[in-house]
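Enquirer:
Numbering (the numbering used here), first residue to last: 4 to 187.
(1) If we count the other Cβ atoms within 10 Å of its Cβ and call it buried at 16 or more, is residue 4 buried or exposed?
(2) Expressed to the nearest angstrom, what Euclidean distance is found between the alpha-carbon atoms of residue 119 and residue 64?
(3) Are there 16 or more other CB atoms within 10 angstroms of the CB of residue 18, so buried, or fewer, so exposed?
(4) Round the Cβ separation of residue 95 and residue 186 to the nearest angstrom and send it over; I've been treating them as touching at under 8 Å.
(5) The alpha helix (DSSP H) spanning residue 127 covers which residue range?
(6) From this set, 171, 77 and 103, which residue's C-alpha is nearest residue 113's C-alpha?
(7) For residue 174, count neighbouring C-beta atoms within 10 Å of its own C-beta (all shown protein chains included) and say buried if the count is 16 or more, exposed if not.
(8) Express the C-alpha separation of residue 109 and residue 177 in angstroms, rounding to a whole number.
(9) CB-CB under 6 Å to residue 11, same chain, minus the five flanking residues each way: which ones, in chain order?
(10) Just how far apart, CA to CA, sit residue 93 and residue 146?
(11) Could you check what DSSP says for residue 60 in three-state terms: helix, strand or coil?
(12) At 4 residues or longer, what runs of the alpha helix (DSSP H) sit wholly inside the segment 85-112?
(13) Quick one: what's got a C-beta closer than 6 Å to residue 181's C-beta in the same chain, skipping five residues either side?
(14) Touch check for the segment 139-158 and the segment 71-84: three-plus C-beta pairs under 8 Å?
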């Protein structure tokens, strides 16, 4: 893996984990020191994150995008119909292996402990990604990945609640079974 890719993944992890919250300033020198990587790969990673809409440039520094309530609503307005289309396409195109992977994830979600909301949120996100990938439409996959990434930034403090786990599990299981049975 290149230093630029390593820097990209680490900085993204910092943003998604909440180490750098929306509005936080990201400075090349600080990140280079923190990651023990020269500034060139850091700069390349920051440019990539900017292109993906995860950070914005402010003069010589960058900051994590501050998502307003309106931004979040608009992201969901795009995400919901795209995920419905991804599910429909997955019901026509998913391989047996992809369906088996979805069912395994459903089992993992069912067995997630009450005290691990971050794991639950990650598993739910993985399931949504698997469904999108099973659509075999690279544009849907790319757009949904970008939307989910942006929503993940604000979700760090809004983990999937364990109290909603059973309801979400039922919804997800129904979607996966409908995909398997080609009834979407």
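For every residue, glycine included, the Cβ atom is placed at its ideal position computed from N, Cα and C. Nothing here was measured: the structure is a model prediction, and the numbers come from that model.
Expert: The relevant details are as follows:
(1) Burial call: exposed.
(2) Each residue's alpha carbon lies about 35 Å from the other.
(3) Label assigned to residue 18: buried.
(4) The Cβ separation is near 11 Å, so there is no contact.
(5) Note, residue 127: alpha helix (DSSP H), 120-137.
(6) Among 171, 77 and 103, the Cα nearest to that of residue 113 is on 171.
(7) Residue 174 is exposed by the Cβ-count criterion.
(8) Taken atom to atom, the span from the alpha-carbon of residue 177 to that of residue 109 is near 10 Å.
(9) So the list reads 48 and 51, once near-sequence residues are dropped.
(10) Distance between the alpha carbons of residue 93 and residue 146: 16 Å.
(11) Correct three-state label for residue 60: strand.
(12) Within the segment 85-112, no alpha helix (DSSP H) run of at least 4 residues lies entirely inside it.
(13) Taken in chain order, the residues that qualify are 187.
(14) At 8 Å Cβ cutoff, the stretches touch.
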